[in-house]
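Below is one structure, written out as structure tokens; comments come after it.
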Amino acid sequence: MTRKILLAVSLCFLVKVVWSQSEKETRINLINPGIALEYPIGKYSTIEFNAGVGYNYSYPNLNTVFGESGFQWQIAPFIDIQSRKYYNFEKRQSNKKSGSNFIALRYLFYGSRLAGNVRTDQNYSMAIGPTWGMKREYGRWTALFSVGPAYYFDLTGAGGFLPIALEFNFGYRLN
Numbered sequence: 419m420t421r422k423i424l425l426a427v428s429l430c431f432l433v434k435v436v437w438s439q440s441e442k443e444t445r446i447n448l449i450n451p452g453i454a455l456e457y458p459i460g461k462y463s464t465i466e467f468n469a470g471v472g473y474n475y476s477y478p479n480l481n482t483v484f485g486e487s488g489f490q491w492q493i494a495p496f497i498d499i500q501s502r503k504y505y506n507f508e509k510r511q512s513n514k515k516s517g518s519n520f521i522a523l524r525y526l527f528y529g530s531r532l533a534g535n536v537r538t539d540q541n542y543s544m545a546i547g548p549t550w551g552m553k554r555e556y557g558r559w560t561a562l563f564s565v566g567p568a569y570y571f572d573l574t575g576a577g578g579f580l581p582i583a584l585e586f587n588f589g590y591r592l593n
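By this note's numbering, the letter at position 52 of the sequence shown is numbered 470, and the numbering carries on one by one without gaps.
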């Protein structure tokens, strides 16, 4: 299972992307409180590191020992790494609109829960998968949404496939 983690992190760092936005961005996120650092790695591509405390639902196959049922949720620290390729950057700029759409490879790590009704086998969980998203800028404010499938797992060997994993964030750009 350690190999899966190394592969996931390696893919996020080693994905060869050809394009990117030109400036670094530091953002304070409000919906999932934390800080995001986005660095250009090509003409239209970036890598984003996002860390904070987030709201999360339970991954079904990681919660089998305790047998909770119904809506399951938790608040836990997270690290979210995305390698993004923005694909309509110039089109939106020519229309005087800020922001763009992107495709990304996402790796998400959740630590021990701080609150919630989920008691997992492990104190952490991970997910990896492709995602499609859009990022819009309103002055210094940024709205971000992404959706895509994810393979989730922990180091005990438990895991599964989630067909729809959502992300929504609203933040303030510091630079």
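By construction, the Cβ of each residue, glycine as well, lies at the ideal position given by its N, Cα and C atoms. For clarity, every value in this text was computed on a predicted model and none was experimentally measured.
What distance in whole Å lies between the Cβ atoms of I546 and S501, which are believed to be in contact at a cut-off of 8 Å?
Taking a contact as a CB-CB distance under 8 Å, the pair S501 and I546 does not count as one, their CB atoms being some 11 Å apart.
Quick test of your reading: L526 and M544, contact by CB under 8 Å. State the CB separation rounded to the nearest angstrom.
Between L526 and M544 the beta-carbon gap is near 7 Å, inside 8 Å, which marks them as a contact.
Skipping 5 residues on each side, what residues in its chain have a beta carbon closer than 8 Å to that of N506?
For N506, the CB contacts under 8 Å within the same chain, skipping 5 residues up- and downstream, are S518 and N519 in chain order.
Exposed or buried, A558, counting other C-beta atoms within 10 Å across all chains shown (16 or more means buried)?
It is Arg, not Ala, that sits at residue 558 in the sequence shown. Exposed is the call here.
With burial defined as no fewer than 16 other Cβ atoms inside 10 Å of the residue's Cβ, what is the status of A533: buried or exposed?
Exposed, because fewer than 16 other Cβ atoms sit within 10 Å of the Cβ of A533.
How long is the line joining the alpha carbons of G577 and F586, rounded to whole angstroms?
Computed Cα separation, rounded: 24 Å.
Which class does T482 belong to by DSSP, given the choice of helix, strand or coil?
Note on T482: pLDDT 49, under 50, position unreliable in the model; no value is reported.
Compute the distance between the beta-carbons of S516 and E456, then report whether it is under 7 Å.
Taking 7 Å as the Cβ cut-off, S516 and E456 do not qualify as a contacting pair.
Collapsed DSSP secondary structure at P548 in the structure displayed
In the three-state reduction of the DSSP assignment, P548 falls in the strand class.
For R531, name the three-state secondary structure that DSSP assigns.
If DSSP states are grouped into helix, strand and coil, R531 belongs with coil.
Does DSSP put T444 in a helix, a strand or coil?
In the structure shown, T444 sits in a strand (DSSP, three-state: E or B).
Does the distance from the CB of L448 to the CB of G589 come in under 7 Å?
Closer than 7 Å, so yes.
Cβ neighbours of I606 in the same chain (closer than 7 Å, five flanking residues each side left out)
The structure shown does not extend to residue 606, since the chain is modelled only from 419 to 593, so the question has no answer here.
Out of T549, Y569 and I493, which one is the CA nearest neighbour of L562?
It is T549.
Taking its Cβ as the centre, do 16 or more other Cβ atoms sit within 10 Å of G452, making it buried, or is it exposed?
Classification for G452: buried.
Near K604, which residues of its chain fall below 6 Å by C-beta distance, leaving aside the five closest residues on each side in sequence?
Past the boundaries of the shown model lies residue 604; the chain is included only from 419 to 593, so the question cannot be answered.
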